[in-house]
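J.: Numbering (the numbering used here), first residue to last: 287 to 625.
For every residue, glycine included, the Cβ atom is placed at its ideal position computed from N, Cα and C.
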Amino acid sequence: MPQHLPEPDLPDDEDAAAAEVLQARIDTPGVRLDKALAEVFPTLSRARLQALLAEGAVSRDGVALTSGSAKAQPGLYAVALPPVAPATPQPEPIPLTVLYEDADLIVIDKPAGMAAHPAPGCETGTLVNALLAHCGDSLSGIGGVARPGIVHRLDKDTSGVMVAAKTDRAHQGLSALFAAHDIERTYIALSRGAPSPSKGRIETRIGRSNGDRKKMAVLKSGGREAITDYVVQTTFGEPAKAGGAPMAARVACTLHTGRTHQIRVHLASKGSPLLGDPVYGSGSPTAPVRAAIAEAGLARQALHAAVLGFVHPVTNEPLRFETAPPADMQSLETLLTTL
287 MPQHLPEPDL PDDEDAAAAE VLQARIDTPG VRLDKALAEV FPTLSRARLQ ALLAEGAVSR
347 DGVALTSGSA KAQPGLYAVA LPPVAPATPQ PEPIPLTVLY EDADLIVIDK PAGMAAHPAP
407 GCETGTLVNA LLAHCGDSLS GIGGVARPGI VHRLDKDTSG VMVAAKTDRA HQGLSALFAA
467 HDIERTYIAL SRGAPSPSKG RIETRIGRSN GDRKKMAVLK SGGREAITDY VVQTTFGEPA
527 KAGGAPMAAR VACTLHTGRT HQIRVHLASK GSPLLGDPVY GSGSPTAPVR AAIAEAGLAR
587 QALHAAVLGF VHPVTNEPLR FETAPPADMQ SLETLLTTL
């Protein structure tokens, strides 16, 4: 069985990050290394051990190993486990584009690539980490330890306007507004082709896909009600045949509910997935559109939360915020106009 060893001596500035080291002997050669390690370290899965091997955290008799498919050799094996991340998010001095702030709430223009709150595989660099640093103690405990201040989310790779609560009364009031769908929310999307008709309402039920539990899908039964109004604002590229779809479009989508990936799923269900969407963008855009995406440097779904309007939950003041899509989407739209 593995032994828990004392932490190795490290310089003072590395002591806090010292790893726990497990040791065990392997005396039977010839078995795949990751399988042999999983047998002597039963608390670690083969997938976890393969990741640790790739990180150089596994050694035999002091020599680092990297290949899980190699054959195990007799010897004393050591696995250095990285320190467990803290359960509570930590403040990080990440710059924020603040659109509005008072004692009760803050409205920001979230950049693409920033998650709303920590989650497995994304423990740092989130909006929560930034808010904890920006707001200080005023955010402590609001809405729970793991997601303080968060009352709604944007996907990590969706940019745009978000509001967060700084007090309990604001959190409760904002949560009630979102629950009642008493919020103005309009998104700008760049889609492959264009939904038809050019204006309409998509009303379905959305839930976990039966074929892939990591994805959302339109369901015939189950799931939750999802309503999106859309308007095709501009089309790009002539249809390949009469009556066909254009190469791409700019679509304004207004949410009446807020389901996970709602706009992405709804536009995909109309045959017009978002450009750059790695999950719901089934099929490929035309070659000119692909070239425009590459030139614009778009490396995400082309979706921006452009408008957020609501009544302040404490002062009852009507508030409305609108921001333009960021540079990658603006550049792509400019290139699409030349098609």
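Out of Val-551, Tyr-386 and Ala-358, point me to the one whose CA is closest to Glu-489's CA.
T.: Among Val-551, Tyr-386 and Ala-358, the Cα nearest to that of Glu-489 is on Val-551.
J.: Could you give the DSSP three-state label for Asp-313: helix, strand or coil?
T.: Correct three-state label for Asp-313: coil.
J.: As a quick exercise: from Ser-345, Val-565 and Ala-554, pick the residue whose alpha carbon is nearest that of Leu-362.
T.: Of Ser-345, Val-565 and Ala-554, the residue nearest in Cα terms is Ser-345.
J.: Could you compute how far the alpha carbon of Thr-410 sits from the alpha carbon of Pro-532?
T.: Cα to Cα, Thr-410 sits roughly 41 Å from Pro-532.
J.: Assuming contact is defined by CB atoms lying nearer than 8 Å, are Met-440 and Ala-416 in contact in what I supplied?
T.: This sequence places Leu at residue 440; Met is not what is there. Result no, Cβ atoms of Leu-440 and Ala-416 do not sit closer than 8 Å.
J.: Going by the DSSP bridge assignment, what does Tyr-386 pair with across the sheet?
T.: Answer is Val-393, bridged to Tyr-386.
J.: Compute the beta-carbon to beta-carbon distance between Ala-554 and Tyr-566, rounded to the nearest angstrom, for a pair I have assumed lies under 8 Å.
T.: Indeed they touch by this definition, with Cβ atoms about 4 Å apart.
J.: Taking contact to mean 3 or more Cβ pairs, one atom from each stretch, closer than 8 Å, check whether the stretch 375 to 392 and the stretch 590 to 607 are in contact.
T.: At 8 Å Cβ cutoff, the stretches touch.
J.: Using a Cβ-Cβ cut-off of 6 Å (strictly less than) and excluding sequence neighbours within five positions of Glu-306, which residues of its own chain qualify?
T.: Leu-367, listed in sequence order.
J.: Per DSSP, Thr-540 forms a beta bridge with which residues?
T.: DSSP, once it has assigned bridges, lists Thr-472 and Asp-515 as partnering Thr-540.
J.: Taking the C-alpha atoms as reference points, what is the distance between Ala-528 and Ile-474?
T.: Ala-528 and Ile-474: Cα-Cα distance of roughly 27 Å.
J.: Between which two residues does the beta strand (DSSP E) containing His-590 stretch?
T.: Segment 589 to 597, the beta strand (DSSP E) holding His-590.
J.: Thinking Asp-395 and Val-437 are a contact (beta carbons under 8 Å), I'd like their distance in whole angstroms, please.
T.: No, Asp-395 and Val-437 are not in contact; Cβ-Cβ is about 17 Å, not under 8 Å.
J.: Does DSSP put Ser-495 in a helix, in a strand, or in coil?
T.: It is coil, neither helix nor strand.
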